[in-house]
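Chemist:
Residue numbers (full-length UniProt numbering): 1 to 701.
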């Protein structure tokens, strides 16, 4: 939506509805091109189909008919003929140059527009306040901040620095090229601001992901007595979505009702989108159901809301209603919104059918859709498909790189994630907070403390050290690497600690056996007014399990429902089975599983199997393994553990039977491997591996 409002703002800023004052009285410069043509061309003047034959030969000083022909070519998109005619014209003033620059810009030939602007300057033709908006738009098109600075300098030199028409274009240019501070400088220096000015600044904040500033700017516009229009409202709602501010969104909703924007389809769609992204699905549904007519954008917003809030079945139900009730077929954005729902259902076949639908309907290439496909396949564990889509991208955005890195990390391919991140880094692509948050778990799993410190320094350099989510990941990275002291220091420096911050530091101590410290942190967390959640108790119970603190663990488990109103889930029951196993109470663990209100999963039986293995109870291990095998999960680890137990007990016939079953199911023991880093790239080696060209050198290390 931010992109839509940006497009409108720019188009509006260069339309005749916002015509700037004439700074060159008595000349052609600074005049509206259409009005100027009406005044220049007498009614008796016309152009023959053969443009070389000009009727009304008295117009020789400045051939108006040639200018009109030029504009006609430009308006029809025939730029080759326009350029040929332009080169033949004996007199080319600012108006004529502006016409050609406008033609190149509006047809997407941004480099040509800039080239002709520069030529215009070189031949001594002065630019006016109609020249610069088109040139600035072309600077956006070629992503050239340097050229934008040069144009801005020329604007100041010619005395147009306070021209509202040009300043609006400067704000848009700086915002879209990622220099929001320059956009703010232009905005703050403007003595007069119109609606387009405010809308441009609000949209600039939205594009930069700063929802709070967008909302403050929206409020500032009202304080200044400016009545927001539909475009300002839409941008402000995107700001609400970015910050999860449903209350501010409801206030804006009241404003739209008061000033008759309530039935504007674009505004209604923006509200549905905002409520969905803020987790207020009931409000989104209520507004959706009240709409008398719905277009594909409205349906997409509702489908996206369901998927975003973890309601995949409702998302597909909404798709069915869209197709049956309104006879609409899904478009690219529909698929983008539905693919996360497929991931939530682990429906890789459903996702592949959508992939096929996209191919059949020629939706591809489509960068956003293809990025969503990479994300789907990664979350469903289909890394080969994810890599195939990623490698086939004709262009890659930062989002597509981030999604591929996350796919590797989520599936435990940490070295591949690190190598991909280093490739991204070597390409000098500016990374963002999402990139950092995606790669840090990989550093936590396989990197050394030294490498962890390097990425930490880079985070500080990028200015992300105040980002709570990233700081939480840094805490986990140091804790996982074994340096709980640095982890605690980073935790202490987090300005705005959330519940994840506390959970992370507690789990960090837990995995190294410091259960008592984790419990102390839980007490301190409550003292500071932080309410625990389900993950908090996973950290606590894990701490008690690893440290063998049975009484404390049992007490925390009991307090979940009674004191905190949190219903225990499978993860919590799994921790308790681990805790029973840790103290050797296997019969109590079995009774605990039998009395569970939830159906035991492979995670639960796996905990009992591991406990039975540690305590040498083959009968209970066989029982747990039988349940795991009946659930149809990956059986390799289960078979190997049983085989080892039989071997230790001297039951070789059972060992032979297990190995035969593994062969029948095509299961193989996962090979252990080591990793060696050479020139910042990691290589895997299995036992006796000699495949690498530098094998001798590596084995001598």
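Think of the CB as a built atom: it goes at the ideal place given N, C-alpha and C, for glycine as much as any other residue. Computed from a predicted structure; not experimentally measured.
In whole angstroms, what separates the C-alpha of residue 66 from that of residue 82?
Modeler: Along the chain shown, one-based indexing puts residue 66 at 66. Along the chain shown, one-based indexing puts residue 82 at 82. Going by the C-alpha atoms only, they are around 10 Å apart.
Chemist: To the nearest whole angstrom, what separates the beta carbons of residue 239 and residue 208, a pair I think is in contact under 8 Å?
Modeler: Looking up residue 239 in the chain shown gives position 239. Looking up residue 208 in the chain shown gives position 208. Not confirmed; about 11 Å, so no contact.
Chemist: Give me the Cα-Cα distance between residue 45 and residue 157, rounded to the nearest whole angstrom.
Modeler: Taking the chain shown and counting its residues from 1, one reaches residue 45 at position 45. Taking the chain shown and counting its residues from 1, one reaches residue 157 at position 157. Low per-residue confidence applies at residue 45: pLDDT is 32, beneath 50, and the placement is therefore not dependable enough to give any value.
Chemist: Just confirm the distance between the C-beta atoms of residue 541 and residue 522, as a whole number of angstroms; I'd bet it's less than 8 Å.
Modeler: For this step, residue 541 is matched to residue 541 along the chain shown. For this step, residue 522 is matched to residue 522 along the chain shown. Going by Cβ atoms, the distance from residue 541 to residue 522 rounds to 11 Å, so no, they are not a contact pair.
Chemist: In angstroms, rounded to a whole number, what distance separates the CA positions of residue 495 and residue 388?
Modeler: By 1-based counting over the chain shown, the position of residue 495 is 495. By 1-based counting over the chain shown, the position of residue 388 is 388. Rounded to the nearest angstrom, the two C-alpha atoms are 41 Å apart.
Chemist: With a threshold of 16 other CB atoms inside 10 Å of the CB of residue 401, please say whether the residue is buried or exposed.
Modeler: Residue numbering aside, residue 401 sits at position 401 when the chain shown is read from its first letter. Its Cβ being crowded by 16 or more others within 10 Å, residue 401 is buried.
Chemist: Compare the Cα-Cα distances from residue 130 to each of 100, 310, 600 and report the closest residue.
Modeler: Here residue 130 is taken as the residue at index 130 of the chain shown, counted from 1. Closest option to residue 130, Cα to Cα, is 100.
Chemist: In this structure, does DSSP put residue 591 in helix, strand or coil?
Modeler: The sequence position of residue 591 within the chain shown is 591, counting from 1. Correct three-state label for residue 591: helix.
Chemist: Where do the ends of the alpha helix (DSSP H) carrying residue 350 lie?
Modeler: For this step, residue 350 is matched to residue 350 along the chain shown. First-last of the alpha helix (DSSP H) with residue 350: 348-360.
Chemist: Kindly confirm or deny that the region 127-145 and the region 102-113 touch, where touching means at least three C-beta pairs closer than 8 Å.
Modeler: Touching, yes.
Chemist: Can you give, in chain order, each stretch of the alpha helix (DSSP H) that sits fully within the region 193-255 and has at least 4 residues?
Modeler: Fully enclosed alpha helix (DSSP H) runs of 4 or longer: 195-207, 211-223, 230-243.
Chemist: Buried or exposed for residue 263, please, with buried defined as at least 16 other CB atoms from any protein chain shown within 10 angstroms of its CB.
Modeler: Residue mapping note: residue 263 aligns to position 263 of the chain shown, counting from 1. Residue 263 is exposed by the Cβ-count criterion.
Chemist: Using the three-state DSSP reduction, which class does residue 394 fall into: helix, strand or coil?
Modeler: Taking the chain shown and counting its residues from 1, the one referred to as residue 394 is at position 394. Residue 394 falls in the coil class under three-state DSSP.
Chemist: How far does the alpha helix (DSSP H) with residue 343 in it extend, from its first residue to its last?
Modeler: To locate residue 343, count along the chain shown from 1; it is residue 343. Here the alpha helix (DSSP H) through residue 343 covers 332-344.
Chemist: Tell me which same chain residues have a C-beta within less than 8 Å of the C-beta of residue 534, skipping the five on either side of it?
Modeler: Taking the first residue of the chain shown as position 1, residue 534 is located at position 534. Closer than 8 Å at the Cβ level, and outside the excluded window around residue 534, lie 566, 569, 571, 572.
Chemist: So, is residue 248 buried or exposed, given that buried needs 16 or more other C-beta atoms within 10 angstroms?
Modeler: If you number the chain shown from 1, residue 248 lands on position 248. Burial call: buried.
Chemist: Does DSSP classify residue 569 as helix, strand or coil?
Modeler: As a working mapping, residue 569 is identified with position 569 in the chain shown. Residue 569 falls in the coil class under three-state DSSP.
Chemist: So what does DSSP say about residue 13, is it helix, strand or coil?
Modeler: Here residue 13 is taken as the residue at index 13 of the chain shown, counted from 1. Note that residue 13 scores 36 on pLDDT, short of 50, meaning its location in the model is unreliable; the coordinates nonetheless yield the value given after this. Of the three classes helix, strand and coil, the one that applies to residue 13 here is helix, per DSSP.
Chemist: Can you round the beta-carbon distance between residue 607 and residue 581 to whole angstroms, since I take them to be within the 8 Å contact cut?
Modeler: Taking the chain shown and counting its residues from 1, one reaches residue 607 at position 607. Taking the chain shown and counting its residues from 1, one reaches residue 581 at position 581. Indeed they touch by this definition, with Cβ atoms about 6 Å apart.
Chemist: Check whether the Cβ atoms of residue 190 and residue 226 lie closer than 9 Å to each other.
Modeler: Position 190 of the chain shown holds residue 190. Position 226 of the chain shown holds residue 226. Not a contact, by the Cβ cut-off of 9 Å.
Chemist: Where do the N-terminal and C-terminal ends of the alpha helix (DSSP H) with residue 703 fall, by residue?
Modeler: Since the first residue shown for the chain is 1 and the last is 701, residue 703 is missing from the structure and cannot be characterised.
Chemist: Using the Cβ count rule (16 or more neighbours within 10 Å means buried), how would you classify residue 597?
Modeler: As a first step, residue 597 must be located in the chain shown, where it is residue number 597. Per the 10 Å Cβ criterion, exposed.
Chemist: Once you ignore the five residues that flank residue 125 on each side, which residues in its own chain have a CB closer than 8 Å to its CB?
Modeler: For the purposes of this step, residue 125 is identified with residue 125 of the chain shown, where counting begins at 1. Once the five neighbours on either side are set aside, the close Cβ partners of residue 125 are 92, 93, 94, 97.
Chemist: Candidates 128, 561, 447: which alpha carbon is nearest residue 476's?
Modeler: The sequence position of residue 476 within the chain shown is 476, counting from 1. Per the Cα distances, 447.
Chemist: In the DSSP assignment, find the alpha helix (DSSP H) that holds residue 441 and state where it starts and stops.
Modeler: Along the chain shown, one-based indexing puts residue 441 at 441. Where residue 441 is concerned, the enclosing alpha helix (DSSP H) stretches over 433-446.
Chemist: Assuming residue 153 contacts residue 172 (C-beta within less than 8 Å), just tell me the rounded distance between them.
Modeler: Counting from 1 along the chain shown, the entry for residue 153 is found at position 153. Counting from 1 along the chain shown, the entry for residue 172 is found at position 172. Going by Cβ atoms, the distance from residue 153 to residue 172 rounds to 18 Å, so no, they are not a contact pair.
Chemist: Can you list, in chain order, the residues of its chain with a C-beta nearer than 7 Å to that of residue 43? Leave out the 5 residues immediately preceding and following it.
Modeler: Within the chain shown, residue 43 is the residue found at index 43, counting from 1. With a pLDDT of only 34 at residue 43, under 50, the local geometry of the prediction cannot be trusted, and no value is derived from it.
Chemist: Please determine if the region 269-279 and the region 310-319 are in contact, where contact requires at least 3 C-beta pairs separated by less than 8 Å.
Modeler: No contact exists between the region 269-279 and the region 310-319.
Chemist: Could you check the C-alpha separation between residue 316 and residue 339 for me, to the nearest Å?
Modeler: Start at 1 with the first residue of the chain shown, and residue 316 comes out as number 316. Start at 1 with the first residue of the chain shown, and residue 339 comes out as number 339. In a straight line, the C-alpha of residue 316 is about 10 Å away from that of residue 339.
Chemist: From 282, 293, 395, pick the residue whose C-alpha is nearest to that of residue 266; which is it?
Modeler: Position 266 of the chain shown, counted from the start, is the residue given in the question as residue 266. With distances taken between Cα atoms, residue 266 lies closest to 293.
Chemist: Does the Cβ-Cβ distance between residue 539 and residue 518 come in under 9 Å?
Modeler: Here residue 539 corresponds to residue number 539 of the chain shown, with the count starting at 1. Here residue 518 corresponds to residue number 518 of the chain shown, with the count starting at 1. Against a cut-off of 9 Å, the Cβ pair of residue 518 and residue 539 comes out as a contact.
Chemist: Helix or strand or just coil, what does DSSP make of residue 709?
Modeler: As displayed, the chain neither begins before 1 nor continues past 701, which places residue 709 out of reach and without an answer.
Chemist: What residue does the alpha helix (DSSP H) around residue 173 start on, and which one ends it?
Modeler: Numbered from 1 along the chain shown, position 173 holds the residue referred to as residue 173. Segment 164-176, the alpha helix (DSSP H) holding residue 173.
Chemist: Tell me whether the region 342-349 and the region 362-371 touch, counting them as touching only if at least three CB pairs, one residue from each stretch, are closer than 8 Å.
Modeler: Output reads no: the region 362-371 does not touch the region 342-349.
Chemist: What residue does the alpha helix (DSSP H) around residue 95 start on, and which one ends it?
Modeler: Locating residue 95 in the chain shown gives position 95, counting from the first residue. Taken as a continuous stretch (DSSP letters only), the alpha helix (DSSP H) holding residue 95 covers 94-106.
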